[in-house]
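Student:
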Amino acid sequence: MPFEPVILFFILGLLAGIIRSDLKIPGVLYESISIFLLLAIGLKGGIELAKVPVASLAGPALIVVLVAAIIPFLAFAVLHNVGRLARADAASIAAHYGSVSVVTFAVAASYLLRLDESYEGYMVVFLVLLEFPALVLGVILARRAGGDTRWGHLLHEVFSGKSIVLLVGGLLIGWIAGADGIKPLDLLFMDLFKGMLAFFLLEMGLVVASRLADLRRAGFFLIGFAVLMPVFAGGLGVVTANVIGLSVGGAAMLATLYASASYIAAPAAMRIAIPEANPALSIGAALGITFPFNLVIGIPLYYWMAVSFEGAF
Amino acid sequence: MPFEPVILFFILGLLAGIIRSDLKIPGVLYESISIFLLLAIGLKGGIELAKVPVASLAGPALIVVLVAAIIPFLAFAVLHNVGRLARADAASIAAHYGSVSVVTFAVAASYLLRLDESYEGYMVVFLVLLEFPALVLGVILARRAGGDTRWGHLLHEVFSGKSIVLLVGGLLIGWIAGADGIKPLDLLFMDLFKGMLAFFLLEMGLVVASRLADLRRAGFFLIGFAVLMPVFAGGLGVVTANVIGLSVGGAAMLATLYASASYIAAPAAMRIAIPEANPALSIGAALGITFPFNLVIGIPLYYWMAVSFEGAF
Amino acid sequence: MPFEPVILFFILGLLAGIIRSDLKIPGVLYESISIFLLLAIGLKGGIELAKVPVASLAGPALIVVLVAAIIPFLAFAVLHNVGRLARADAASIAAHYGSVSVVTFAVAASYLLRLDESYEGYMVVFLVLLEFPALVLGVILARRAGGDTRWGHLLHEVFSGKSIVLLVGGLLIGWIAGADGIKPLDLLFMDLFKGMLAFFLLEMGLVVASRLADLRRAGFFLIGFAVLMPVFAGGLGVVTANVIGLSVGGAAMLATLYASASYIAAPAAMRIAIPEANPALSIGAALGITFPFNLVIGIPLYYWMAVSFEGAF
Amino acid sequence: MGVQLSPRKLLTIICEASLEEAIAADLLQSGGHGYTITDARGSGTHGRRDAIWPASANIRIEILCAEEAALDILARLQESYYANFGMVSFLSDVLVLRPEKF
Amino acid sequence: MGVQLSPRKLLTIICEASLEEAIAADLLQSGGHGYTITDARGSGTHGRRDAIWPASANIRIEILCAEEAALDILARLQESYYANFGMVSFLSDVLVLRPEKF
Amino acid sequence: MGVQLSPRKLLTIICEASLEEAIAADLLQSGGHGYTITDARGSGTHGRRDAIWPASANIRIEILCAEEAALDILARLQESYYANFGMVSFLSDVLVLRPEKF
Ligand SMILES: Nc1ncnc2c1ncn2[C@@H]1O[C@H](COP(=O)(O)O)[C@@H](O)[C@H]1O
Ligand SMILES: Nc1ncnc2c1ncn2[C@@H]1O[C@H](COP(=O)(O)O)[C@@H](O)[C@H]1O
Ligand SMILES: Nc1ncnc2c1ncn2[C@@H]1O[C@H](COP(=O)(O)O)[C@@H](O)[C@H]1O
Ligand code: NA
Ligand code: NA
Ligand code: NA
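Chains as they are written, first to last, in this note's numbering: chain Y, 1 to 313; chain F, 1001 to 1313; chain W, 2001 to 2313; chain S, 3001 to 3102; chain A, 4001 to 4102; chain P, 5001 to 5102.
(1) Who does Glu3062 (chain S) pair with in a DSSP beta bridge?
(2) So what does DSSP say about Met5001 (chain P), is it helix, strand or coil?
(3) Quick check on this structure: which residue in A:Pro4054, A:Gly4032, A:Tyr4035 has the alpha carbon closest to the alpha carbon of Ile2035 (chain W)?
(4) Would you kindly report the start and end of the unbroken beta strand (DSSP E) that includes Phe4090 (chain A)?
(5) Taking 8 Å as the cut-off, is the CB of Leu2141 (chain W) close to at least one heavy atom of ligand 6?
(6) Between Ile3013 (chain S) and chain F, is there a C-beta pair that is closer than 9 Å?
(7) Check whether the Cβ of Asp1022 (chain F) lies closer than 9 Å to any Cβ atom in chain W.
(8) Using DSSP with H/G/I as helix, E/B as strand and the rest coil, what is Met2020 (chain W)?
(9) Can you give the Cα-Cα distance for Leu4074 (chain A) and Ser4089 (chain A), rounded to whole angstroms?
(10) Here's the rule I'm using: 16 or more other beta-carbon atoms within 10 Å means buried, otherwise exposed. How should Arg216 (chain Y) be labelled?
(11) Cβ closer than 8 Å: which chain W residues qualify as neighbours of Phe959 (chain F)?
(12) Whose C-beta lies closer than 6 Å to the C-beta of Thr2290 (chain W) among residues of the same chain, with five residues either side of it excluded?
(13) Any heavy atom of ligand 4 inside 8 Å of the beta-carbon of Ser262 (chain Y)?
(14) Rounding to the nearest angstrom, what Cα-Cα distance links Asn118 (chain Y) and Leu254 (chain Y) in this structure?
(15) When the Cα of Lys1162 (chain F) is compared with those of Y:Lys194, Y:Leu23, Y:Leu12, which residue comes out closest?
(16) So Leu5027 (chain P) contacts chain S; which residues on that side make the cut at Cβ distance below 9 Å?
(17) From Gly319 (chain Y) to Tyr263 (chain Y), what distance separates their C-alpha atoms?
(18) Measuring from the CB of Thr3036 (chain S), is there a heavy atom of ligand 3 at a distance below 8 Å?
(19) Suppose only complete runs of 4+ residues qualify. What are the alpha helix (DSSP H) ranges in the region 96-158 of chain Y, listed by chain order?
(20) Quick check: does the Cβ of Lys1162 (chain F) come within less than 8 Å of any heavy atom belonging to ligand 2?
(21) Could you tell me if Asp2214 (chain W) is buried or exposed, where buried requires 16 or more neighbouring beta carbons within 10 angstroms of its beta carbon?
(22) Closer than 8 Å, Cβ to Cβ, to anything on chain B: give me those residues from the region 5072-5084 of chain P, in chain order.
(23) Tell me Arg5048 (chain P)'s beta-bridge partners as DSSP assigns them.
(24) Kindly indicate which residue of F:Glu1004, F:Val1239, F:Gly1181, F:Ser1247 has the alpha-carbon position closest to the one of Lys1044 (chain F).
(25) 9 Å is my cut-off, CB to CB: does Glu5068 (chain P) come that close to chain Y?
(26) Tell me the rounded alpha-carbon separation between Phe2010 (chain W) and Glu2203 (chain W).
(27) For Gly1169 (chain F), which residues in chain Y fall below 8 Å Cβ to Cβ?
(28) I'd like to know if the region 299-312 of chain Y and the region 241-251 of chain Y are in contact, where contact means that at least 3 CB-CB pairs between them fall below 8 Å.
(29) Is the CB-CB distance between Ser4092 (chain A) and Asp5039 (chain P) below 9 Å?
(30) So, using beta-carbon positions, are Ile4037 (chain A) and Arg3076 (chain S) closer together than 9 Å?
(31) Taking only runs of the alpha helix (DSSP H) that begin and end inside the region 198-277 of chain Y, which ones reach a length of at least 4 residues, in chain order?
(32) Give the interface partners of Ile283 (chain Y) over in chain P, defined as CB-CB distance under 8 Å, in chain order.
(33) When the Cα atoms are used, what is the spatial distance from Val1006 (chain F) to Ile1033 (chain F)?
(34) Mind checking Val2158 (chain W): buried by the 16 CB within 10 Å criterion, or exposed?
(35) Using a Cβ-Cβ cutoff of less than 6 Å, which residues in the same chain neighbour Val1165 (chain F) once the five nearest sequence positions on both sides are dropped?
(36) Just checking: is the beta-carbon of Leu4091 (chain A) within a distance shorter than 9 Å of some beta-carbon in chain S?
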């Protein structure tokens, strides 16, 4: 199979939603599994982090974060100036695309595992670092025209957001306890991870099906953006990965991070920080187009780009 | 032990309900585990299905489904003509008994596993095929006197019902991905299955305890029906299994399918399709009597019938 | 690490609550995991119980329960006479401290496992037996001045409470089915136990954070009580354990049981049985101080006491 | 006073959860502009409905609308569901902002 | 007009979830014919009750009944629970079909 | 009659779940003494909100208070949220015990 089998659960959920099945995944289960996934990813990263000298990551991390800032700025320019979207909408969408999708990251990790392609375990640190700067940039872009942002409030919102708390918390626990300390928890947080991911993708399929109507409102320009933006960002990721000397697997992962659009942290933060932006547009694009695109086409594409680019030297 | 230990969880739930314990299993957990069980059974079946030529199943499947149609017709005749139940009630109960119980099927599978008795893995295909025809027959029986059934609506209701969607969806995913593709999910969907079943049976015990009052309304005739009907249907299953050449384990499983009464798909579908039927009667009989009867007495009995009948040749 | 790594999840939850993160664990998940933990502990105990002649436990169990009765009486005297708390409040708090905390017990078991220190498996029987007498004593202490207690009602409340039902139910199932019968459930109830405990501790951290305000109302006297009472009770546990001849691990476990304060069974029972007691005081002390104290300092201390005391002979 | 309030009716329906889709469809057909649903449990002439499994769950539906629409919806409910389903409805007077919305 | 409406009272009680069984029993004893419960959280003089664990959960109970019954239930609640429990109740006027049911 | 009832207003707000913290803070600032929240789903001019994930969940907030406070809160809501959020509010008359509490 050219794609990860776990994607089939997403397709099942999508079809169930489209035929208007009475299959409903309780909202509580959605929340529980998302907490699980965030915590598990953090733990896994923390264990890996314990294996490398943290200081040695500072340089690469800085480059990864700085380069990533290109994405929201470019996205905003395209959406606002070319696509004529309102400033608030353009800024909010830019924040979604500048941030990252944890589930897309997890599917990419599964994809590489199946290909026996290894990648740098501390990648999760980049995931955490990439999650929030774009959210702050989005608000800055939205507010350039003026308006009163309660910055203290916004920063609290972002840093105390459940994604950051669980990812960073998991990272620290994994780092402090180390692989040995966590071993009794491996069954839940490591071995069951993929099954939980399958379940979550089933739910995401149902959610995406319920947002398909939003896409009509979005229009062709936004749909095109939602496909081309991740491809460009993926390319940027592969180049950056080579600059900082990541493996092929690492390059594919960084490309996926750059290419993915957030739909856990960003919608929550943007709804409060840029209330005048229409969430149907940002969620429609990020979740309705980019997320499935990345699952089915994007991840194999970014991997192929990572392999080809390395071969290019 | 003559019975499956997992049944003890059902008994615990039942007792907890009877002594009016404040133990309450959240409704959301009920829904989550039922989604899990349906999906897991589908997946398991799909993997097995991948091992046999699908075309070769068409003949046996047709026989299994056609013979099964006897059950709702007979049940309706007994209930309406002998038991003097109203047409709608008789038809609705007939639909419950013509359809199948996924949990009873799972307990029977556990029972056989403990005895090291193997059965045809594609049995799940029969489970799926037996789930819905009786629901449609039930509505036909209820409406023979006239009345306006919105058939398009009913068929949509049945085929987009969560049981069918998850069973068929799981079947297809298992079939497409195959045992290898599903392997990383085995821990969740296969190895944890029995634990989840135990938890679900605890919940079912609580549910059954809360429906015991319905049984008084049901009356002796219906209680007798709820014990004798499955025994007859089980016998029919053993005979049919021998006609299509199933193993002893397969015969016990088919007998269990025929003997079991639905309480996930049928109550939901019948409530909408035959609203004038009293759900206390159908659920009281199917869940209050037949379900526990099958768990404790039925399954060992059907297995004994399967063994004896084979020995009879 | 001097402490159990699983405690880090508690600390994460506590910090998340303190910084007012939007991380919220759904109440349903709390209930589901608490059902799981109670049932799993019961099962584990039942399997162990099947290995010893039950009659031989009667003597030690009687001693354990009788000595434990000192705790609520002493606690009441200290709180009511020294601390000048109202009779109802003193009695309710005494009941909490006389009863036991299942999660503290589980963390202590983890702690000993990591140290390769074994303990008597039938300890769970003591856990069950210690859970309820203090609840009844608490009501007696509250009502000494008169007042009308509906005793039948209270006893039903206590014995049909979910903690007792699940612990005793699990115990009986484990005992009847034995290690072999339960084996297919081991993955869920044994191997996943510690992961579930980690998740639950995360939730408990959030809950404790939300009760910190109660502590201010509690005052210094109660805070001192919440630290010193468990230390005294732990000492009593070590002595009692040596009287009935438990191993060092068993002594540490009994000390933990004596030292722990209930926050699942007791709050529910006391709210109904002694409604005039302020739950902010009892829960603030038991959950806000004693629970974290036991996790971080108490358990290692009781173990050290158990080791030293044995060495003293 | 910064707010302009206008009278409208609030129609509340309590019924079996299995009717959710059907009633939601009915409401939109009756020209309703919106509704709000919460999960519920309860007790009535059809016995105790404790919501521990789907077959015993209730829902509580609220519809803000003009009096005429409320009576129209009530009449439909009475005709379609009252005979066969556990159901209770009641009407009350409320004041709303933006009356044109309802 | 196809619907016949009669006036009744709606009594709403918001209280600690731990009282659910006790109040449900009281209601049936006071001659109530039914009630509806939803899960809730909130804030009041007893502080914030965020429903993240059983001890901090609220419920919201509604009872449709005649005025007399409503006052009777209120009097009982006041006597049995107001002193020791977080609890708020209010009464409002509603119109119902089938008034004999309540 | 054992109970003394006084008139108060009940303000009900139905809105996106993401506003919970913000509105709860507003209420306490406006001098509100308490509120009750239940989870909800629904449909309105912003489309269907089915609560299958956090971004499509609603909440239903109730505040018992004096008329003045209710109008004050309504005015604030209208100013802060009506333009950008799915939100519906309504006011009704109720009778309460212990009026000084609200
Ligand atoms: N008097 C009542 N007050 C409030 N809710 C009621 C009342 N009667 C019935 N209900 C609700 O309506 C549902 C169906 O009522 P019924 O048709 O009487 O069984 C019940 O499960 C309750 O949730
Ligand atoms: N003014 C109010 N408006 C709406 N609900 C309230 C109000 N005051 C209290 N409540 C609810 O009633 C519960 C108990 O109130 P209290 O006894 O004031 O703590 C609170 O947790 C809230 O859910
Ligand atoms: N007419 C109505 N009756 C009851 N609830 C409504 C109504 N209109 C809207 N709502 C609720 O308010 C939320 C937001 O409404 P809206 O801003 O119209 O999308 C909806 O999701 C519904 O839950
Ligand atoms: Na990105
Ligand atoms: Na059957
Ligand atoms: Na204790």
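Ideal Cβ positions, reconstructed from N, Cα and C, are used throughout, including at glycine. Computed from a prediction, not measured in an experiment: that's the story for all the values here.
Tutor: Let's see:
(1) S:Thr3012, S:Thr3036
(2) Caution applies to Met5001 (chain P), whose pLDDT of 48 falls short of 50 and renders its modelled position unreliable; the value that the coordinates give is listed next. Coil at Met5001 (chain P), not helix or strand.
(3) A:Pro4054
(4) 4087-4096
(5) no
(6) no
(7) yes
(8) It is Arg, not Met, that sits at residue 2020 (chain W) in the sequence shown. The answer is coil: DSSP assigns Arg2020 (chain W) none of H, G, I, E or B.
(9) 8 Å
(10) exposed
(11) As displayed, chain F neither begins before 1001 nor continues past 1313, which places residue 959 (chain F) out of reach and without an answer.
(12) Ala2226, Pro2230, Ala2261
(13) yes
(14) Note that residue 118 (chain Y) is Ser in the sequence shown, not Asn. Between Ser118 (chain Y) and Leu254 (chain Y), the C-alpha separation is close to 13 Å.
(15) Y:Leu23
(16) Those within 9 Å of Leu5027 (chain P) in chain S number zero; the least Cβ separation is about 16 Å.
(17) Residue coverage of chain Y in this structure runs from 1 to 313, which leaves residue 319 (chain Y) outside it and unanswerable.
(18) yes
(19) 102-114, 123-131, 133-143
(20) no
(21) buried
(22) The structure shown contains no chain B; the protein chains it does contain are Y, F, W, S, A and P.
(23) P:Ser5043
(24) F:Gly1181
(25) no
(26) 7 Å
(27) Leu12, Leu15, Ala16
(28) yes
(29) no
(30) no
(31) 248-259, 265-273
(32) Ala5055
(33) 15 Å
(34) buried
(35) none
(36) no
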